[in-house]
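For reference, the structure is listed below as structure tokens.
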Amino acid sequence: MFNRKKKHLPPAATFREVWQKGDASFKLSFFFMGLAQLKHKQWAKGIAYLGLEVAFLIWLVFTGISSLRMLSNLGAIKQKKVVFDEAQGVYITKLPDNSVVILLFGVLSVILVVAMIGLYISNLNSVRKLYVQLRDGEHVPTNSEDLHSLFDSRLHTTLMTIPIIGIVAFNILPTLYMISMAFTNYDGKHAIGFSWTGFKAFGNVLTGDLAGTFFPVLGWTLVWAVMATATTFFFGVLLALLIESKGIQHRAFWRTIFVIVYAVPQFVSLLMMAQFLDLQGPLNNILMNWHLIAHPINFIGASANPLVARITVIVVNMWIGIPVSMLVSTAIIQNLPQDQIEAARMDGANAFQVFNNITFPQILFVMAPALIQQFIGNINNFNVIFLLTKGFPMNNNYNGAGDTDLLVTWLYNLVFGQTQRYNASAVLGILIFLLSATFSLIAYRRTNAFKEG
Amino acid sequence: MTSWKKVTMGSAAVLAAVMLAACGKSSTESTKTTSKDLTGTVKLWVDTTNVDYYKTIVKNFSKKYPKVNVTVTQSPNGSANAKTDVGKDPSKAADVFQVPNDQLGSMADQGYINPLSPAATKAVKKDDVAVAADAVTWKGKMYAYPTDQQAQTLYYNKSMLSADDVKSWKTLTAKGVLATDFTNAYNFYPIFFSAGTQLYGKDGETLKGTNINNAKGVAAMTWFAEQKQNKNVMQTSNTLNQMKSGHAAATIDGPWNAANIKKILGKNFAVAPYPTINVGGKEVQMQAFLGIGSFAVNSHTATKNQKAAATLAQFVTNKQSQLIGYRHNGSIPVNKSAQTSKEVADDPVAKAVMVMSQPGNSVVMPKMTQMATFWNLSAPLINGAYTGSIKPAQYATKLDTFVNAISKDN
Amino acid sequence: MTSYRAQRHLSLALRYLLLIVLAVIWIVPIVWIVLASFSANDTGFVSTFFPEKYTIQNYVDIFTSTQFPFVYWIRNTLFVAVISTILSTFVTICVAYTLSRLRFHFRKPFLQIALVLGMFPGFMSMIALYYILKSFNMLNLGGLILVYVGGAGLGFYVAKGFFDTIPVAIDEAAVMDGATKWQVFWHIGLPMSRPIIVYTALMAFIAPWIDFIFSGIILSASGNSKNYTIAYGLYNMLNGTLGKSTTFFTQFIAGCVIIAVPITIFFVIMQKFYVSGITAGADKG
Chain Y
0 MFNRKKKHLP
10 PAATFREVWQ
20 KGDASFKLSF
30 FFMGLAQLKH
40 KQWAKGIAYL
50 GLEVAFLIWL
60 VFTGISSLRM
70 LSNLGAIKQK
80 KVVFDEAQGV
90 YITKLPDNSV
100 VILLFGVLSV
110 ILVVAMIGLY
120 ISNLNSVRKL
130 YVQLRDGEHV
140 PTNSEDLHSL
150 FDSRLHTTLM
160 TIPIIGIVAF
170 NILPTLYMIS
180 MAFTNYDGKH
190 AIGFSWTGFK
200 AFGNVLTGDL
210 AGTFFPVLGW
220 TLVWAVMATA
230 TTFFFGVLLA
240 LLIESKGIQH
250 RAFWRTIFVI
260 VYAVPQFVSL
270 LMMAQFLDLQ
280 GPLNNILMNW
290 HLIAHPINFI
300 GASANPLVAR
310 ITVIVVNMWI
320 GIPVSMLVST
330 AIIQNLPQDQ
340 IEAARMDGAN
350 AFQVFNNITF
360 PQILFVMAPA
370 LIQQFIGNIN
380 NFNVIFLLTK
390 GFPMNNNYNG
400 AGDTDLLVTW
410 LYNLVFGQTQ
420 RYNASAVLGI
430 LIFLLSATFS
440 LIAYRRTNAF
450 KEG
Chain H
0 MTSWKKVTMG
10 SAAVLAAVML
20 AACGKSSTES
30 TKTTSKDLTG
40 TVKLWVDTTN
50 VDYYKTIVKN
60 FSKKYPKVNV
70 TVTQSPNGSA
80 NAKTDVGKDP
90 SKAADVFQVP
100 NDQLGSMADQ
110 GYINPLSPAA
120 TKAVKKDDVA
130 VAADAVTWKG
140 KMYAYPTDQQ
150 AQTLYYNKSM
160 LSADDVKSWK
170 TLTAKGVLAT
180 DFTNAYNFYP
190 IFFSAGTQLY
200 GKDGETLKGT
210 NINNAKGVAA
220 MTWFAEQKQN
230 KNVMQTSNTL
240 NQMKSGHAAA
250 TIDGPWNAAN
260 IKKILGKNFA
270 VAPYPTINVG
280 GKEVQMQAFL
290 GIGSFAVNSH
300 TATKNQKAAA
310 TLAQFVTNKQ
320 SQLIGYRHNG
330 SIPVNKSAQT
340 SKEVADDPVA
350 KAVMVMSQPG
360 NSVVMPKMTQ
370 MATFWNLSAP
380 LINGAYTGSI
390 KPAQYATKLD
400 TFVNAISKDN
Chain G
0 MTSYRAQRHL
10 SLALRYLLLI
20 VLAVIWIVPI
30 VWIVLASFSA
40 NDTGFVSTFF
50 PEKYTIQNYV
60 DIFTSTQFPF
70 VYWIRNTLFV
80 AVISTILSTF
90 VTICVAYTLS
100 RLRFHFRKPF
110 LQIALVLGMF
120 PGFMSMIALY
130 YILKSFNMLN
140 LGGLILVYVG
150 GAGLGFYVAK
160 GFFDTIPVAI
170 DEAAVMDGAT
180 KWQVFWHIGL
190 PMSRPIIVYT
200 ALMAFIAPWI
210 DFIFSGIILS
220 ASGNSKNYTI
230 AYGLYNMLNG
240 TLGKSTTFFT
250 QFIAGCVIIA
260 VPITIFFVIM
270 QKFYVSGITA
280 GADKG
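Chains as they are written, first to last, in numbering that gives the first Met the number 0: chain Y, 0 to 452; chain H, 0 to 409; chain G, 0 to 284.
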């Protein structure tokens with residue numbers, strides 16, 4: 000594989016040489032992409048390059064330039080104006096420029112320009128290759144050879160084109176849009192026409208009126224992510240060992256019982272769980288009827304004790320998460336080399352010692368990358384909090400968040416709640432990213448899971 | 000300034016009355032002739048459960064304005080979330096939509112909605128009760144057509160409590176259990192009003208007009224804390240269930256739930272205005288928030304459809320439509336003559352709501368943009384006092400922080 | 000000897016006891032959800048474990064309701080799920096295979112960009128997605144499918160992990176015999192990846208049934224509840240009009256049970272593929 004890569008190293012020919020020594024079509028190719036290819040009968044390539052350039056230029060003239068220019072101030076009109084329409088006898092509002100749309104299409108334009116630059120570079124490379132092939136008298140690939148290469152040496156282009164378009168349109172563009180939103184004053188006060196304000200929104204979150212909420216919520220998010228990942232993993236392994244232990248019959252049946260809980264859609268199981276745990280809900284009723292408790296426990300209500308609610312959330316997460324990690328650990332346990340365990344048994348190690356010194360470390364080793372991903376997933380675990388507690392119990396020291404709110408559910412409240420603080424939520428999004436990135440970086444460095452990547 | 004405003008408003012009302020009295024029939028006839036020519040395409044958003052009867056209302060509308068094409072659909076997340084639903088994409092939102100009055104201020108400031116024409120303003124002032132007209136007015140302009148009023152009242156089980164028992168909180172909770180939710184600021188922020196304070200001033204438009212960071216505010220906080228000690232005040236997220244099972248004898252709720260409660264209690268259903276409560280050593284009327292349901296016109300509606308949209312909004316809030324809403328949904332009308340119609344006047348729920356909507360019994364929800372922050376912060380404050388996580392010694396500082404946070408310009 | 004055997008019996012009995020207790024704890028809330036769906040209740044809250052009164056009216060109502068066109072929701076969701084399963088699986092497998100088996104210039108940057116993109120929380124991008132779809136006039140089921148498929152290109156990790164475990168020697172032997180890379184992909188790569196295709200398809204199929212946020216943002220704009228998918232439709236039953244949650248709560252549970260049953264059965268049957276998918280990704284460590 001790697002030998003082949005070397006063969007493809009570009010032969011010595013600078014762009015200057017192509018420009019100076021190439022014929023007119025090569026020179027023109029620096030301005031009109033694809034001409035050199037066309038001249039040398041590489042129709043498919045040539046038409047593709049030329050067509051894309053023409054399309055780009057048409058777009059640039061008709062919409063591109065204006066949407067790039069508007070990006071600089073996100074629309075000139077920032078204030079609405081109410082005027083009386085005499086003819087109809089009603090008031091009409093002259094609206095500000097819609098900055099949301101301007102920003103979105105501005106970002107899209109930037110992406111298109113960058114893509115065009117990339118295309119231009121690839122055109123130059125292609126032209127250079129052609130030049131070298133002609134200069135050295137090598138075989139110039141024909142049209143059909145070019146097309147065939149799409150299914151052989153360039154198969155990656157064929158397979159990746161559609162996915163990449165999807166990723167750019169539905170992931171990269173929205174993400175860049177979100178990042179740029181953090182540098183505007185897009186909020187309830189400037190809901191239609193907003194402007195660039197630099198790092199002001201970051202200031203609001205880190206030192207301003209949201210700081211008193213941000214840091215405690217961040218702390219709980221980390222505690223939650225650690226606890227949720229650790230508990231489900233540890234008890235999942237234990238449960239798997241229990242089901243796999245000697246003498247237990249109908250293992251598939253037992254596993255299925257637990258898996259059912261995971262399989263039920265979360266918006267059903269968690270929404271109902273919220274009622275199950277209510278102050279006057281079935282669980283409290285059962286416990287009271289059995290005289291296990293004298294007063295109902297407020298597990299997750301809006302006026303619950305924060306500590307109780309946080310523990311409850313972690314326990315409910317165990318209810319949902321243990322079955323999966325049980326399933327996965329089962330698969331790993333079944334494939335563990337038994338000789339080591341047998342040897343340990345021979346030496347008189349008891350079950351606990353075997354687990355502690357052999358089984359558990361081995362499972363941990365295999366599961367490490369998955370655990371890191373789970374940890375990141377738990378930082379962003381929206382469903383469990385949103386559906387179960389909605390962030391409650393209330394905390395009178397916070398601004399717009401509750402005791403079990405994670406950064407991500409708080410972010411949701413800032414976007415879709417009444418306060419409409421879009422820019423602050425974008426800042427939170429970036430901070431969550433930094434948090435996840437830091438942890439993955441450290442973790443991947445240590446496990447080397449992505450070394451080969 | 001305010002007195003000047005009153006004078007102009009008063010004179011406008013007088014003028015309108017005189018004009019209408021003078022023109023009388025002829026004016027209505029003239030609208031009839033033009034009504035046939037009004038054209039446009041209008042989309043109407045209402046709550047999911049109300050779609051059916053609004054279709055009836057729109058049918059009436061179409062008889063009068065045959066050239067206006069109206070579609071009735073449900074709003075994405077209900078009228079309570081109008082601000083965020085419309086805000087998500089105003090150009091896709093309906094031309095006319097249902098919205099509670101407390102969101103009008105920020106929607107007007109953001110430019111989502113158009114003010115009413117002078118003629119429509121006059122009509123609202125003439126036809127609807129004064130408090131409704133005030134509730135939809137923001138910075139001197141009217142921004143929506145009021146359609147119903149929502150003040151919470153006391154619902155109770157007749158077999159467990161008598162009409163005399165429910166006159167004061169003390170006797171009420173001595174004889175029966177009251178189930179309610181202290182985590183809902185809509186229920187309990189008005190205790191601060193009972194204690195004698197104001198929220199955003201008397202007019203509800205003064206940014207620095209909140210004055211609960213004083214002894215009166217502390218008295219209200221103390222009252223919340225006392226309720227935790229009261230065995231007959233039950234904290235619950237599901238009052239209806241507690242009423243049904245007989246664990247609770249009374250609750251405070253809005254007219255939107257009256258039908259549900261009636262179904263649960265059957266012949267034992269009874270309703271009354273709020274009792275009196277003892278705040279800061281004084282026996283005072285327990286107050287409520289007064290919300291006015293209304294219809295507003297989207298400012299993104301195409302200019303050629305504006306007139307049709309405004310006309311539709313006016314039509315779905317006229318007397319006839321309000322009465323249809325009352326019959327199907329129990330919405331309490333704000334139209335003066337609808338209120339005096341026999342079916343409304345004889346209804347105990349409507350009567351109780353109308354008593355509660357009187358000044359002194361309730362305060363109209365302010366329309367400030369800051370109300371979003373207010374809702375976010377007031378519930379934890381009240382809940383904190385109730386559960387005791389805010390200690391009496393902290394009341395003063397917590398109230399200071401609260402007032403500062405909701406009085407910020409941005 | 001007997002004491003040893005007794006000890007073993009005791010140990011087994013204790014383990015069975017523990018297992019039964021755990022199983023009961025795990026399954027009780029699920030049983031309660033099913034029971035609650037049969038309860039006659041108009042208070043919007045089920046406070047007891049066993050309903051005071053049983054009825055099947057909730058199931059009748061949810062299917063005949065005019066306000067909540069349940070049958071349309073199922074139909075829409077099935078439509079979205081089937082199309083998006085086909086397309087997403089194709090996209091995911093293409094990307095995973097390419098990244099695992101083929102070597103090219105852009106490979107490393109792509110892996111890094113994908114890693115970075117995956118770490119941004121998705122909610123903020125929803126506003127952008129809404130406007131993107133709107134500009135294509137795609138605020139409908141088609142748009143929802145596009146969003147699901149568009150995101151599929153980033154969900155390649157598990158499948159890539161699987162492909163990584165297939166020895167490269169097989170490919171190289173085929174190339175020696177003159178096969179093109181496409182032929183290797185089509186005739187060797189795909190047939191060998193049956194378990195991972197099933198896993199990917201399973202995940203893609205389930206997603207539309209449980210996503211209530213994305214679908215809500217994209218579909219609610221129409222204002223026509225006949226356009227909703229099931230997750231958003233059901234979620235919307237509880238959120239919206241004041242007093243609504245009370246009236247429709249038991250219908251909501253019935254609706255939930257109706258969709259939860261097939262998904263659960265489906266998942267339980269497919270669990271071995273799920274495990275192979277997860278462990279394929281994890282084995283790399």
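All residues carry an ideal CB built from backbone N, CA and C; glycine is no exception.
Boundaries (first-last residue) of the beta strand (DSSP E) holding residue i
i	result
Ala-269 of chain H	268-271
Thr-179 of chain H	177-179
Asp-147 of chain H	144-150
Ala-249 of chain H	249-252
Thr-40 of chain H	39-45
Ser-293 of chain H	287-296
Pro-50 of chain G	That residue, Pro-50 of chain G, is in no beta strand (DSSP E); it is neither H nor E in DSSP.
Nearest candidate by alpha-carbon position, reference residue i, set the options
i	options	result
Ile-313 of chain Y	Y:Gln-274, Y:Asn-377, Y:Val-267	Y:Asn-377
Phe-247 of chain G	G:Arg-4, G:Ile-131, G:Asp-60	G:Asp-60
Phe-288 of chain H	H:Met-370, H:Asn-186, H:Asn-328, H:His-246	H:Asn-186
Trp-181 of chain G	Y:Met-177, Y:Phe-150, Y:Asn-184	Y:Phe-150
Ala-258 of chain H	H:Thr-146, H:Val-45, H:Ala-349	H:Ala-349
Gly-139 of chain H	H:Tyr-385, H:Thr-120, H:Ala-309	H:Thr-120
Gln-234 of chain H	H:Gly-86, H:Val-343, H:Phe-181, H:Ala-107	H:Phe-181
Thr-136 of chain H	H:Pro-99, H:Met-285, H:Ala-194, H:Val-85	H:Pro-99
Phe-29 of chain Y	Y:Trp-42, Y:His-39, Y:Ala-43, Y:Leu-49	Y:Leu-49
6 angstroms CB neighbourhood of residue i in its chain, flanking five on each side removed
i	result
Gly-246 of chain Y	none
Val-383 of chain Y	Asn-316
Val-57 of chain H	Val-69, Val-71
Ser-98 of chain Y	Leu-73, Gly-74, Gly-192, Phe-193
Sub-8 angstroms separation of residue i and residue j beta-carbons
i	j	result
Ile-362 of chain Y	Ile-331 of chain Y	yes
Asn-403 of chain H	Tyr-111 of chain H	no
Phe-252 of chain Y	Ser-324 of chain Y	no
Thr-73 of chain G	Ile-252 of chain G	Note on residue identity: the sequence assigns Ile, not Thr, to residue 73 of chain G. In this structure, Ile-252 of chain G does not lie closer than 8 angstroms to Ile-73 of chain G by Cβ.
His-155 of chain Y	Thr-97 of chain G	yes
Nonlocal neighbours in the same chain, by C-beta distance under 8 angstroms from residue i, ignoring five residues either side
i	result
Phe-275 of chain Y	Pro-281, Leu-282
Other residues of its chain near residue i: CB distance less than 7 angstroms, five sequence neighbours each side excluded
i	result
Ser-83 of chain G	Ile-144, Tyr-147, Val-148, Ala-203, Pro-207
His-39 of chain Y	Leu-129, Val-139
Bounding residues of the alpha helix (DSSP H) (the contiguous stretch that carries residue i)
i	result
Ile-73 of chain G	69-100
Asp-402 of chain Y	Premise fails: Asp-402 of chain Y is in no alpha helix (DSSP H) and is neither H nor E.
Ile-292 of chain Y	That residue, Ile-292 of chain Y, is in no alpha helix (DSSP H); it is neither H nor E in DSSP.
Tyr-198 of chain G	193-209
Partners in chain C for residue i, counting only beta-carbon separations shorter than 8 angstroms
i	result
Lys-133 of chain G	No chain C appears in the structure shown, which is made up of the protein chains Y, H and G.
beta-carbon residue i near the ligand HEM non-hydrogen atom, thresh 7 angstroms
i	result
Asn-100 of chain H	With respect to the ligand HEM, the structure shown offers nothing to examine, as it has no ligands at all.
Tell me whether the segment 145-158 of chain H and the segment 260-277 of chain H touch, counting them as touching only if at least three CB pairs, one residue from each stretch, are closer than 8 angstroms.
Touching, yes.
- Message: Would you call the segment 262-278 of chain Y in contact with the segment 333-344 of chain Y, where contact means no fewer than 3 C-beta pairs closer than 8 angstroms?
- Response: By the criterion of at least three beta-carbon pairs nearer than 8 angstroms, the segment 262-278 of chain Y is not in contact with the segment 333-344 of chain Y.
Quick test of the definition: if touching needs 3 or more C-beta pairs under 8 angstroms, does the segment 164-180 of chain G touch the segment 134-141 of chain Y?
The segment 164-180 of chain G and the segment 134-141 of chain Y do not touch, with fewer than 3 CB-CB distances between them shorter than 8 angstroms.
Discussion item. For the segment 189-205 of chain H against the segment 273-290 of chain H, do three or more pairs of beta-carbon atoms, one drawn from each stretch, fall closer than 8 angstroms, so that the two count as touching?
Written reply: With a cut-off of 8 angstroms, the segment 273-290 of chain H and the segment 189-205 of chain H count as touching, because enough Cβ pairs lie within range.
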